[in-house]
Ligand code: CP
Ligand code: NVA
């Protein structure tokens with residue numbers, strides 16, 4: 221695995237291998253055992269064209285714990301922010317670094333970086349997908365539930381980058397998926413096509429209660445993602461009834477988990493009550509970003 225650009229590129233076996241290695245790293249870290257699978261002497265560039273708390277900190281700490289080094293490259297302070305092309309930047313950074321994690325808008329920029337840099341590229345979120353987050357989410361589900369067998373995942377809200385990656389990750393690991401979005405805010409058409417190829421495993425609806433029925437895991441995410449700030453008021457109206465609340469949890473399975481990639485807008489996509497009741501699972505999910513990404517870093521950047 222040279223790059224992590226989307227979850228579509230990973231086989232179910234590879235997803236499970238990443239989670240297994242991530243769990244090993246987590247155990248070693250908690251016991252203070254040095255990681256034998258390390259990236260001693262390797263350097264990761266971290267390009268951010270959007271804000272981040274979790275992704276930035278977990279990648280930087282992850283590289284440090286693996287024996288490598290990470291550089292924060294805000295697009296505001298590099299020539300990327302002044303219009304230097306991705307193609308040229310890729311060919312420069314490829315001469316200095318062993319890998320790049322990039323958070324940006326266009327998925328094609330991440331693909332171009334992979335095409336022209338000659339080094340490992342990891343997608344730290346685009347408008348299209350958020351693969352690192354969903355690997356951590358899958359790890360959290362496997363930890364809490366023991367396996368993916370027979371589980372139903374539900375996603376309530378915007379058909380955004382998170383919805384796209386959750387659908388792919390959950391279907392690939394054998395879970396059923398039910399998604400409820402307002403009309404006009406459905407997931408990407410390629411994702412719907414992909415999901416429909418999993419016979420009877422995927423449901424897309426505009427009815428939150430039917431999506432949440434018998435769910436084992438309920439996901440949600442913000443109504444307006446980064447870059448959509450101009451639409452925020454319009455979206456508040458469209459998404460008004462797309463809130464993960466007690467009524468939805470009441471129709472889900474009794475042991476239903478709640479996952480949120482964070483940051484959360486409590487009172488919008490999730491109630492404070494549900495968030496706090498499931499805070500343990502949600503912050504396990506945030507923690508697992510570190511462990512899952514260390515596995516991705518190692519598998520993409522090792523010699
Ligand atoms: N969930 C997530 O990617 O968080 P950040 O935007 O803080 O990195
Ligand atoms: N959908 C959100 C996820 C943030 C981690 C966004 O793109 O802003």
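In our numbering, the protein residues as written are 221 to 523. Note that the Cβ used here is the ideal one computed from N, Cα and C, for glycine as well.
Limits of the unbroken alpha helix (DSSP H) element including residue i
i, result
"residue 439", "Run containing residue 439: none in the alpha helix (DSSP H); it sits in the beta strand (DSSP E), 437-440."
"residue 319", "Taken as a continuous stretch (DSSP letters only), residue 319 belongs to no alpha helix (DSSP H), being part of the beta strand (DSSP E) at 319-323."
"residue 385", "381-392"
"residue 328", "327-337"
"residue 316", "306-316"
"residue 507", "499-521"
"residue 430", "428-432"
"residue 471", "466-471"
Short Cβ contact (8 Å threshold) for residue i with residue j
i, j, result
"residue 165", "residue 415", "Shown here, the chain extends from 221 to 523; a query on residue 165 therefore has no answer."
"residue 437", "residue 391", "no"
"residue 197", "residue 408", "This structure gives no information on residue 197, because the portion of the chain shown stretches from 221 to 523."
"residue 489", "residue 425", "no"
"residue 513", "residue 279", "yes"
"residue 515", "residue 472", "no"
"residue 214", "residue 317", "What the structure shows of the chain is the stretch from 221 to 523, and residue 214 is not part of that stretch, so it cannot be assessed."
"residue 283", "residue 517", "yes"
"residue 268", "residue 276", "yes"
"residue 459", "residue 402", "yes"
"residue 235", "residue 393", "yes"
"residue 398", "residue 423", "yes"
"residue 336", "residue 307", "yes"
"residue 324", "residue 251", "no"
Of the listed residues the options, nearest to residue i (C-alpha basis)
i, options, result
"residue 478", "391, 321, 365, 314", "365"
"residue 341", "519, 349, 324, 319", "319"
"residue 522", "286, 504, 469", "286"
"residue 443", "453, 434, 435", "453"
"residue 326", "446, 236, 284", "446"
"residue 503", "254, 360, 230", "360"
"residue 428", "295, 348, 462, 509", "462"
"residue 368", "483, 505, 232, 507", "232"
"residue 383", "362, 344, 405", "405"
"residue 456", "466, 487, 432, 234", "487"
"residue 560", "230, 303, 432", "Coverage of the chain is limited to positions 221 through 523, which leaves residue 560 absent and any answer about it impossible."
"residue 350", "330, 498, 307", "330"
"residue 358", "345, 481, 332", "481"
"residue 288", "421, 497, 295, 258", "258"
"residue 241", "256, 229, 252, 228", "256"
For residue j and residue i, believed in contact at Cβ under 8 Å, the rounded distance
i, j, result
"residue 314", "residue 338", "4 Å"
"residue 354", "residue 377", "Contact doesn't hold; Cβ gap of about 15 Å is too wide."
"residue 519", "residue 238", "7 Å"
"residue 343", "residue 225", "5 Å"
Contact test: residue i Cβ vs ligand 2 heavy atom, cutoff 7 Å
i, result
"residue 481", "yes"
"residue 445", "yes"
"residue 508", "no"
"residue 441", "yes"
"residue 485", "no"
"residue 283", "no"
"residue 382", "yes"
Segment limits, beta strand (DSSP E) that includes residue i
i, result
"residue 340", "340-343"
"residue 479", "477-480"
"residue 270", "Segment: none, residue 270 is in no beta strand (DSSP E) and carries neither H nor E."
"residue 248", "From DSSP, residue 248 is part of no beta strand (DSSP E) but of the alpha helix (DSSP H) over 232-251."
"residue 490", "It is not in any beta strand (DSSP E) - residue 490 carries neither H nor E in the DSSP assignment."
"residue 400", "396-400"
Check: residue i C-beta below 7 Å from any heavy atom of ligand 1
i, result
"residue 324", "no"
"residue 385", "no"
"residue 227", "no"
"residue 273", "yes"
"residue 315", "no"
"residue 276", "yes"
"residue 345", "yes"
"residue 513", "no"
Any non-hydrogen atom of ligand 3 closer than 7 Å to residue i Cβ
i, result
"residue 408", "Among the ligands modelled here, namely ligand 1 and ligand 2, ligand 3 does not occur."
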